[in-house]
Amino acid sequence: MKMIRKPSSVFLEGNQQGIVLFHAYTGSSNDVRMLAKRLHQEGYTVYCPNYSAHVGNDIDDFLSKTPNQWWKESQEAIEFLREQGCQKVYAFGLSMGGIMATLAAEKHFVDAAGVFCSPITEDAAQLDQLKIGLQQYCEHKLNEQGRPQTDIIYLQKAMDTQLMRLTKFSKMVYHYLDHVTCPFYIAQGAKDEISDPQSAYVLKDKLINSLVDFHWFEESGHVITISRDRREFQESVITFMENN
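Residue numbers (this note's numbering): 97 to 340.
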């Protein structure tokens with residue numbers, strides 16, 4: 097088994113405005129680390145937690161987790177910033193992390209929220225691209241564990257179950273978008289290979305009770321936080337924060 101350095105959670109203490117950055121479905125705090133550092137330079141307190149089973153190489157453990165467990169951890173991250181003395185808390189997320197940030201906004205747990213290339217949709221076709229990404233992730237983790245790639249066959253049922261739960265969770269969040277009343281930020285990459293880029297416009301139109309700040313990045317793929325447009329993207333998040 098290979099020795100892999102695990103990404104650690106990031107906590108950067110600043111002022112009384114706290115920002116929690118949630119990472120992607122098969123990602124880690126590394127997804128949002130650069131953005132965290134840039135926001136901290138502006139004085140904000142920033143927290144980037146790692147969802148459970150995301151920082152090791154145990155793929156069986158990862159596939160045993162559910163979106164509801166990660167949602168509970170999202171709430172704990174928001175509460176952590178409150179406990180640190182933050183008077184205002186903002187939640188943003190990449191991909192699945194954005195689904196969690198949006199639910200936090202629907203529940204009125206945060207003062208503002210935002211998503212980066214997040215598949216918040218009721219379109220079942222999105223499942224196909226997520227499945228391809230999960231398959232690649234599982235194959236990578238099997239390699240880290242020193243297990244044969246043929247083991248992917250035995251993981252298939254767990255993969256399908258988790259994807260079904262995540263799709264159902266995303267649909268649930270989608271159907272309550274009218275509950276969002278706080279300011280909301282959307283960033284979408286035109287070259288997104290996981291989420292349908294056009295779904296970002298649908299999301300914008302569904303947020304009927306929120307003031308939406310929408311940004312389209314022509315040169316960005318799914319992981320917009322480390323894309324060619326990342327500096328422009330970072331500055332747009334900072335501007336959103338300054339205005340809210």
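Glycine included, every Cβ here is placed at the ideal spot set by N, Cα and C.
Paired residues, beta bridge with residue i - DSSP
{"i": "L273", "result": "DSSP lists no partner for L273."}
{"i": "K184", "result": "Q113"}
{"i": "T162", "result": "Answer is none; T162 lacks a bridge partner."}
{"i": "A209", "result": "A187, F280"}
For residue j and residue i, the rounded distance between their alpha carbons
{"i": "R129", "j": "C144", "result": "7 Å"}
{"i": "F265", "j": "S160", "result": "16 Å"}
{"i": "T246", "j": "Q232", "result": "13 Å"}
{"i": "G181", "j": "K168", "result": "21 Å"}
{"i": "E179", "j": "D154", "result": "31 Å"}
{"i": "A220", "j": "T263", "result": "8 Å"}
{"i": "I249", "j": "N239", "result": "14 Å"}
{"i": "G152", "j": "S295", "result": "32 Å"}
{"i": "M97", "j": "G139", "result": "Note that M97 scores a pLDDT of 34, beneath 50, so its modelled location is shaky and nothing firm can be said."}
CB contact flag (residue i, residue j, <8 Å)
{"i": "F310", "j": "K300", "result": "yes"}
{"i": "V206", "j": "V185", "result": "yes"}
{"i": "Y281", "j": "V333", "result": "yes"}
{"i": "S269", "j": "E202", "result": "For clarity, residue 269 is Val in the given sequence; the question names Ser instead. Yes, Cβ-Cβ distance for V269 and E202 is below 8 Å."}
{"i": "D325", "j": "E315", "result": "yes"}
{"i": "D288", "j": "G242", "result": "no"}
{"i": "L230", "j": "L259", "result": "yes"}
{"i": "C213", "j": "A132", "result": "no"}
{"i": "L108", "j": "H136", "result": "yes"}
Outcome for residue i when other beta-carbon atoms lying within 10 angstroms are tallied against a minimum of 16
{"i": "M99", "result": "Its pLDDT being 37, under 50, M99 is placed unreliably in this model, and the value from its coordinates should be taken loosely. Exposed is the call here."}
{"i": "P244", "result": "exposed"}
{"i": "K237", "result": "buried"}
{"i": "Q321", "result": "Per the sequence shown, the amino acid found at residue 321 is Thr instead of Gln. Burial call: buried."}
{"i": "H204", "result": "exposed"}
{"i": "D127", "result": "buried"}
{"i": "T162", "result": "exposed"}
Unbroken stretches of the beta strand (DSSP E), 3 residues or longer, contained in the segment 230-272: none
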